[in-house]
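Below is one structure, written out as structure tokens; comments come after it.
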Amino acid sequence: MHDIYGFTVEALADRLVGAGFKKFNATQVFEWIYQKKVAAFSDMTNLSKDLRAHLESAYAMTPLAVKREQIASDGTRKFLFVLDDCLAVETVLMVQDYGMSVCVSSQVGCSMGCSFCASGLLAKIRDLTAGELVAQIVMIERLAGISVTHVVVMGTGEPFDNYDNVIEFIKIVNHPKGLAIGQRHITVSTCGIVPRILQYADEPIRSNLAISLHASNDELRSRIMKINRAYPMKDVIEACRVYFEKTGRRVTFEYILLSGVNDAVEQADELSDRIRGLNAYVNLIPYNHVKEFHYARTDMERAMKFYDRLVKRGINAVLRKEQGGDIDAACGQLRMKADQCER
Ligand code: SAH
Numbered sequence: 010m011h012d013i014y015g016f017t018v019e020a021l022a023d024r025l026v027g028a029g030f031k032k033f034n035a036t037q038v039f040e041w042i043y044q045k046k047v048a049a050f051s052d053m054t055n056l057s058k059d060l061r062a063h064l065e066s067a068y069a070m071t072p073l074a075v076k077r078e079q080i081a082s083d084g085t086r087k088f089l090f091v092l093d094d095c096l097a098v099e100t101v102l103m104v105q106d107y108g109m110s111v112c113v114s115s116q117v118g119c120s121m122g123c124s125f126c127a128s129g130l131l132a133k134i135r136d137l138t139a140g141e142l143v144a145q146i147v148m149i150e151r152l153a154g155i156s157v158t159h160v161v162v163m164g165t166g167e168p169f170d171n172y173d174n175v176i177e178f179i180k181i182v183n184h185p186k187g188l189a190i191g192q193r194h195i196t197v198s199t200c201g202i203v204p205r206i207l208q209y210a211d212e213p214i215r216s217n218l219a220i221s222l223h224a225s226n227d228e229l230r231s232r233i234m235k236i237n238r239a240y241p242m243k244d245v246i247e248a249c250r251v252y253f254e255k256t257g258r259r260v261t262f263e264y265i266l267l268s269g270v271n272d273a274v275e276q277a278d279e280l281s282d283r284i285r286g287l288n289a290y291v292n293l294i295p296y297n298h299v300k301e302f303h304y305a306r307t308d309m310e311r312a313m314k315f316y317d318r319l320v321k322r323g324i325n326a327v328l329r330k331e332q333g334g335d336i337d338a339a340c341g342q343l344r345m346k347a348d349q350c351e352r
């Protein structure tokens, strides 16, 4: 059975026309599932009985079951969702002053093997489908009774290792009859898969791009992120330049401050030299402790020095605050904890 959340409105229209229905029926279905947020085809009261019966027999509507939910002291909520095949993924809802932001997972596990990230402790088992990506948001809207305004693809997994499904997901999320979340409110974060960054620059929907840089030179980056051995920093930065030239959109570089590893002022100097002229933002992220690893968080004073140095050298930077730390929902802490399937 197909997952209704996995289709763009155009793809659904083609399928419905193929089954003898009308093109506009797809728009009606979209309005029901994404705007009126119903959870059953039988609630779609303006559709003919025939169409409802067809939808019931050909499409599934709840591909995710919620297994566990945790709420942090700052209001951040983490959901553990069980998929059709009993695997599980985590999704995080953050209450921001500008709206409701959801961090979705793109794969079950991750094969990128970054040396500081908890997700990498679980090798990739499979990609999430576009429908499973969309359903994470739909389920959270239903469970929390809110409308999601911002989406970041920064949970478990490497989105550019699941490129086609992530792009389909963005189309569905962005469509005015879908979740209608603006392209500037959608951000994809990658560890730096160069050919996909270049492909992303040519996509018609201009969602935001964030790059996990975390180092100021190749020697260090290859040591802490093994993807750098395949796609060195020079090529990643060059791809960002192409992206900026083609789209006019600023790239964000994420930079976790790891005590004694990448947080010296000389490294801030080196970083500014490497990215100058790109008009990029550097997002300095506090490291969230993962007990299997030996890294430690840079203290505030040293973090401020690093930040000041970047700014003095003309680089736009922000020092990000942590959210959801007390429930392991902060960056790089997501991992499955479903012991057995109870669907
Ligand atoms: N694979 C993608 C998206 C998922 S990771 C990527 O690499 O960008 C989302 C962000 O969290 C990345 O910048 C990642 O490097 C960062 N991160 C991983 N582990 C972390 C940790 N323990 N503390 C803080 N940030 C972490």
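Using the working numbering, read the sequence shown as starting at 10 and increasing by one per residue.
All C-beta atoms, glycine included, are put in the ideal place defined by N, C-alpha and C.
All of these numbers come straight from a predicted model, not from anything done at the bench.
| Check | Outcome |
| --- | --- |
| Which residues bound the beta strand (DSSP E) around Tyr290? | 290-295 |
| Whole beta strand (DSSP E) runs in the segment 120-204 with 3 or more residues, listed along the chain? | 159-162, 195-199 |
| When the Cβ atoms of the segment 312-321 are set against those of the segment 270-281, are three or more pairs found closer than 8 Å? | yes |
| Taking the beta carbon of Lys87 as the centre, do at least 16 other beta carbons fall within 10 Å, making it buried, or is it exposed? | buried |
| Mind checking which residues open and close the alpha helix (DSSP H) that includes Glu19? | 18-27 |
| What first and last residue would you give for the alpha helix (DSSP H) that runs through Tyr264? | That residue, Tyr264, is in no alpha helix (DSSP H); its beta strand (DSSP E) goes 261-266. |
| If I measure Cβ to Cβ from Thr17 and keep anything under 6 Å in the same chain, skipping five residues before and after, which residues do I get? | Lys180, Ile181 |
| Return yes when at least one heavy atom of the ligand SAH lies under 8 Å from the C-beta of Ala219, else no. | yes |
| Mind reading off the beta-carbon distance from Leu73 to Phe90? Whole number of angstroms is fine, and I expect it under 8 Å. | 4 Å |
| Taking 8 Å as the threshold, find out whether the segment 256-263 comes into contact with the segment 202-218 through three or more Cβ pairs. | yes |
| Once DSSP output is grouped into helix, strand and coil, what is the label at His63? | helix |
| Give me the DSSP bridge partner(s) of Asn325. | Tyr290 |
| Could you tell me whether the segment 115-132 touches the segment 58-78, where touching means 3 or more Cβ pairs closer than 8 Å? | no |
| CB-CB under 6 Å to Met148, same chain, minus the five flanking residues each way: which ones, in chain order? | Leu73 |
| Counting only beta-carbon separations shorter than 9 Å, does Asp272 have a partner in chain B? | Chain labels in this structure do not include chain B; a single protein chain is all it has. |
| Please go through the segment 44-123 and give each complete alpha helix (DSSP H) segment of 4 or more residues, from N-terminal end onward. | 58-67 |
| Alpha carbon to alpha carbon, how far is Gly269 from Thr307? | 8 Å |
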